[in-house]
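Let me begin by presenting the structure, written as structure tokens, before commenting on it.
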Amino acid sequence: MEERSEKAAQEGSKTERWCWRLILLVTVALVATMAALTLLKYFKHSNSSRVSGRPGPIVQKYSEALQLSMQFFDIQKSGKLVDNPIPWRGDSGLQDGSEEDLDLSKGLYDSGDLIKFGFPMAFTATVLSWGILEYGDQMKAVKQLDHAHDSLKWITDYLINAHPSPNELYIQVGDPDLDHKCWQRPEVMTEERPLIQINTSFPGTDVAAETAAAMASASLVFRKINSSYSKLLLMHAQQLFAFADTYRGSYSVSIPQVQTYYNSTGYGDELLWAATWLYHATGDLTYLKYATEQNGPAFANWGSPSWFSWDDKHAATQVLLSRISFFGTKDISFAENMDLQKYRETAEVFMCGLLPDSPTATSSRTASGLIWVIKWNCLQHAVASAFLAVLYSDYMLTSKTEVLYCDGKLYKPTDLRNFAISQVDYVLGENPMEMSYLVGYGSKYPQYVHHRGSSIPADAHTGCQDGFKWLNSSNPNPNVAVGALVGGPFLNETYIDNRNNSMQGEPSTYNSALIVALLSGLVTSSSVAKTFS
């Protein structure tokens with residue numbers, strides 16, 4: 003009897019253990035199923051259809067601002083001008099590069115001075131290409147696409163000529179120290195125009211990789227309208243990327259004199275940025291693997307977002323690689339998929355930081371809500387952040403991704419778009435100064451822009467030194483630098499309109515590329531294409 007009871011107890015205990023195992027298995031299966039369903043909902047992007055292939059109604063104020071912004075590229079052109087729409091500009095820099103038997107006459111002057119800095123110029127081309135690739139239909143709807151193509155090609159023609167051999171790239175024309183001792187129009191400049199190059203002995207991974215990104219992205223832009231030119235750009239991009247990766251070193255270390263103006267804080271972000279653009283341009287998974295499992299752990303800064311600028315491409319790379327996560331791609335490995343998810347998660351941390359009422363909202367903004375990071379050229383970060391926000395919003399809309407999770411709070415794509423609108427509206431005049439920071443837009447905008455060509459009458463005959471009377475003149479600029487986006491306000495949201503105030507009043511080509519891309523995304527509503535091909 004006792005033996006039977008003990009045996010029955012043992013059988014009962016055994017049955018109980020099997021029941022618990024069954025419950026555990028069912029629970030695990032349910033959890034796995036729920037997780038799979040959640041992931042399926044989260045990653046259903048690759049099978050979703052486009053929201054709308056046609057641009058919606060035109061937002062007139064953004065259309066006007068876009069048309070004005072495009073003009074600044076014409077103002078900054080060097081070389082033999084063709085169909086020049088700027089009456090106070092003429093041919094200049096025609097001998098640039100001649101000392102090395104190169105034609106470096108084209109390209110853009112960087113800002114208010116007369117130097118061609120290769121690092122920010124290449125960045126300008128990359129951002130302009132990105133804007134065209136994402137929002138070319140919108141540009142076309144307001145008759146600005148051809149203008150964008152022309153401005154881009156003026157830069158890439160220069161970059162091609164600046165890369166005469168696989169491991170050699172000319173990264174600067176002119177000496178900023180000499181240039182800053184003169185104040186004269188580019189058409190009559192008299193100072194020497196020395197060249198600076200990077201090579202295997204003096205590497206510059208950052209500037210070479212950024213130039214590779216510019217060439218690769220531009221090759222996509224021109225693929226259907228000039229196939230031979232597109233292939234030439236792609237060849238240069240691949241050579242430059244190999245050069246940048248093989249001979250690693252920052253150009254700021256190799257060539258210390260560049261540190262004063264465009265000092266690079268590192269090259270890892272440019273390598274990832276360039277590899278990502280080369281993947282989009284070629285479809286070669288080698289480049290995607292480079293940006294994910296091979297070099298992502300070292301350079302991607304996963305989980306630690308940073309501000310997008312000419313020097314830091316991390317946030318932009320995270321958004322650009324999120325594109326693949328949203329819309330899918332073939333034949334990628336599990337490891338690459340996991341790393342793409344890390345890029346996307348970091349991009350979402352960045353987006354959550356931008357939203358003003360997010361639990362993780364950044365404190366780097368003015369009282370009126372403008373993103374504000376540094377006092378020099380503060381609008382760069384605001385406009386760059388807004389561009390990434392409207393892109394991410396459109397990725398969500400096109401992939402039918404309904405919500406963005408920010409530390410327990412949910413946001414819709416429209417919240418990101420509204421943030422972007424708040425930034426550009428601030429720029430265009432909805433700010434405490436009640437002025438537009440885009441020259442030529444509205445009834446009140448900066449009159450004393452720090453810009454040589456704008457400040458000197460077109461018929462003035464000045465040399466190097468006597469031109470400073472125009473810098474110090476109390477009269478407004480005689481030539482309006484239409485489309486120039488100046489540096490912007492102080493943290494207290496004031497602006498001093500003085501020609502000597504280069505901190506706030508100097509425009510730049512990369513600011514223009516960013517606001518052109520942003521305005522193109524906002525000028526009308528539409529989806530983005532799932533691929534760039």
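The opening residue of the sequence shown carries number 3 in our numbering; numbering runs sequentially from there.
No residue lacks a Cβ here, since even glycine has one placed at the ideal position from N, Cα and C.
Query: Whole-angstrom distance between A277 and F301, CA atom to CA atom; Result: 12 Å
Query: Coarse secondary structure for K155, derived from DSSP in three states; Result: helix
Query: Buried versus exposed call for Y279 [16 or more other C-beta atoms within 10 Å across all chains shown]; Result: Here the sequence assigns Trp to residue 279, which means Tyr is not the residue at that position. Under this definition W279 is a buried residue.
Query: Segment contact, 8 Å Cβ cut-off, at least three pairs: the stretch 242-250 with the stretch 298-315; Result: no
Query: Proximity of G120 and Q174 at Cβ, strictly below 8 Å; Result: yes
Query: Ordered list of beta strand (DSSP E) runs contained in the stretch 405-463, each at least 3 residues; Result: 406-408 and 411-413
Query: Through-space distance from E347 to E295, alpha-carbon basis; Result: 16 Å
Query: Sequence-distant residues of its chain with Cβ nearer than 8 Å to S360 (five each side left out); Result: C354, C408, D409, K411 and Y413
Query: Selected residue, minimal CA-CA separation from Q320, among S230, A218, L342 and P299; Result: L342
Query: Meets three-Cβ-pair contact criterion under 8 Å: the stretch 249-269 and the stretch 213-226; Result: no
Query: Stretch-stretch touch, CB-based, cutoff 8 Å, three pairs: the stretch 321-339 with the stretch 365-380; Result: no
Query: Meets three-Cβ-pair contact criterion under 8 Å: the stretch 510-522 and the stretch 377-390; Result: yes
Query: 4 or more residues per run - each alpha helix (DSSP H) lying fully within the stretch 65-126; Result: none
Query: Collapsed DSSP secondary structure at A531 in the structure displayed; Result: coil
Query: Buried or exposed (CB count within 10 angstroms, at least 16 for buried), T126; Result: buried
Query: Per DSSP, cross-strand counterpart(s) of S167; Result: E170
Query: Helix, strand or coil at R325 [DSSP, three-state]; Result: helix
Query: Residue environment, M340, which counts as buried when at least 16 other CB atoms sit within 10 Å; Result: exposed
Query: DSSP state of Q506 mapped onto helix, strand, coil; Result: helix
Query: Beta-carbon proximity list for A150, same chain, < 6 Å, skipping 5 on both sides; Result: I134 and M141
Query: Helix, strand or coil at L197 [DSSP, three-state]; Result: strand
Query: Span of the alpha helix (DSSP H) around Q382; Result: L381 to T400
Query: CB contact flag (P299, S256, <8 Å); Result: no
Query: Residue closest to L96, alpha-carbon to alpha-carbon, out of A391, P87, S80 and D103; Result: S80
Query: H47 versus E432 - alpha carbon distance; Result: Summary for H47: the model assigns pLDDT 34, below 50, so the residue's position carries little reliability, and this model does not support an answer.
Query: Reduced DSSP secondary structure (H/G/I, E/B, other) of V488; Result: coil
Query: Beta-bridge pairing of I373 - partner residues as DSSP gives them; Result: R367
Query: Nearest-angstrom Cα separation, counted from V129 out to P307; Result: 19 Å
Query: Close beta carbons around Y292, own chain, < 6 Å, minus the five adjacent residues each side; Result: A277
Query: Coil, strand or helix - V175 by DSSP; Result: strand
Query: Residue environment, N502, which counts as buried when at least 16 other CB atoms sit within 10 Å; Result: exposed
Query: Beta-carbon gap between A124 and A218 smaller than 8 Å; Result: no
Query: Straight-line gap, P166 to L273 (C-alpha atoms, nearest Å); Result: 21 Å
Query: Three-state class that DSSP yields for F204 in the structure shown; Result: coil
Query: Rounded C-alpha distance that separates I517 from V488; Result: 11 Å
Query: Nearest candidate by alpha-carbon position, reference Q252, set Y231, R225 and T207; Result: A small correction: the amino acid at residue 252 is Ser; Gln does not occupy that position in the sequence shown. Considering only alpha carbons, the answer is T207.
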